[in-house]
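Q: Would you mind keeping the following structure in view while I ask a few things?
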Amino acid sequence: MLMSRSRESSEVDDFSRYNYDEVIVLNIRTATLEDLQAVTAVEATCFPPAEAATEADFRDRLTHYGNHFWLLFDEKGQLLSFVDGMVTDEPDLTDEMYAHASLHNERGAWQMIFGVNTVPSCRRQGYAGTLLQAAIDAARQQKRKGLVLTCKDKLVHYYASFGFVDEGVSDKSVHGGVVWHQMRLTF
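Below you can see the structure in the form of structure tokens.
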């Protein structure tokens with residue numbers, strides 16, 4: 000994946016005002032156990048301790064469904080962002096799913112999204128959206144019914160821009176002592 004970062008010059012005609020010399024090469028792939036330390040570190044920068052998954056949680060998740068982690072790296076191999084979650088036939092995201100990666104069912108109908116994480120200094124560059132779209136595309140190709148996630152109230156609008164519908168405050172997840180909205184994208 001290539002993204003260009005442009006800088007404005009003093010010229011204003013056509014596209015000559017942009018410098019296309021600076022090109023950023025990004026790599027998107029699924030995860031392996033070798034990504035454990037990087038994924039755990041990024042999660043710790045994105046969520047408070049009560050909400051963040053631990054290294055042990057990620058070890059279990061990567062063992063059961065590393066192919067349902069979408070990772071974005073810069074050209075130096077630094078992890079900038081990731082999206083992860085299990086697949087299940089259950090229609091709603093529950094707290095039990097966070098704790099028990101063994102509930103993953105590769106043939107399940109619904110792709111759950113547990114986390115959309117971007118290193119704070121790399122936010123607002125489209126990385127999370129790029130990975131979320133990759134997860135949506137993968138779920139569609141795998142013939143899932145759709146995707147389900149939970150989010151805080153302030154992010155409902157963001158996920159709605161991808162087609163997720165707010166189903167209201169979840170009665171099945173109080174993860175980290177937080178009020179979560181369940182959102183669903185149905186194909």
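Residue numbers (numbering that gives the first Met the number 0): 0 to 186.
Glycine included, C-beta positions come from ideal geometry on N, C-alpha and C.
1) Would you mind working out which of 48, 128 and 96 sits nearest residue 82, comparing C-alpha positions?
2) Using 8 Å as the cut-off, can you tell me whether the stretch 43 to 50 makes contact with the stretch 109 to 126, which would need three or more C-beta pairs spanning the two stretches below that distance?
3) For residue 73, which of 97, 25 and 38 has the nearest alpha-carbon?
4) Under the rule that 16 or more other beta-carbon atoms within 10 Å means buried, what is residue 131, buried or exposed?
5) For a minimum of 4 consecutive residues, which ranges assigned as the alpha helix (DSSP H) are wholly contained in the stretch 56 to 117?
6) Within 10 angstroms of its Cβ, does residue 120 collect 16 or more other Cβ (buried), or is it exposed?
7) CA-CA distance, residue 98 and residue 124?
8) Using only the alpha-carbon positions, how far apart do residue 110 and residue 88 sit?
9) Taking 8 Å as the limit between beta carbons, can you name the residues of its chain near residue 152, skipping five residues before and five after?
10) Please classify residue 134 as buried or exposed, where buried requires at least 16 other C-beta atoms within 10 Å of its C-beta.
11) Reducing DSSP to helix, strand and coil, say where residue 44 ends up.
12) Sorted by chain position, which residues of the same chain lie with C-beta nearer than 8 Å to residue 95's C-beta, five sequence neighbours on each side aside?
13) Nearest chain C C-beta to residue 156 closer than 8 Å, yes or no?
14) Where does the unbroken alpha helix (DSSP H) through residue 139 begin, and where does it stop?
15) Can you tell me where the alpha helix (DSSP H) holding residue 173 begins and where it ends?
16) Regarding residue 150 and the ligand GTP, is the C-beta to nearest heavy atom distance less than 7 Å?
A: The structure says:
1) Between residue 82 and the set 48, 128 and 96, the nearest pair of CA atoms involves 128.
2) Contact holds between the stretch 43 to 50 and the stretch 109 to 126, because three or more Cβ pairs, one in each stretch, are under 8 Å apart.
3) Cα-wise, what sits closest to residue 73 is 25.
4) Buried.
5) Those alpha helix (DSSP H) runs which fall completely within the stretch 56 to 117 and span 4+ residues are 94 to 98.
6) Exposed is the call here.
7) Residue 98 and residue 124 have their alpha carbons spaced roughly 31 Å apart.
8) Roughly 9 Å separates the two Cα atoms.
9) So the list reads 178 and 180, once near-sequence residues are dropped.
10) With 16 or more other Cβ atoms inside 10 Å of its own Cβ, residue 134 counts as buried.
11) In this structure, DSSP gives residue 44 a helical state, which the three-state scheme calls helix.
12) Residues of the same chain with a CB within less than 8 Å of the CB of residue 95, apart from the 5 flanking positions on each side, are 102 in chain order.
13) Absent here is chain C; the protein component of the structure consists of one chain.
14) Per DSSP, the unbroken alpha helix (DSSP H) holding residue 139 starts and ends at 126 to 140.
15) Element bounds for residue 173: n/a, residue is neither H nor E.
16) Ligands displayed in this structure: none; no statement on the ligand GTP is therefore possible.
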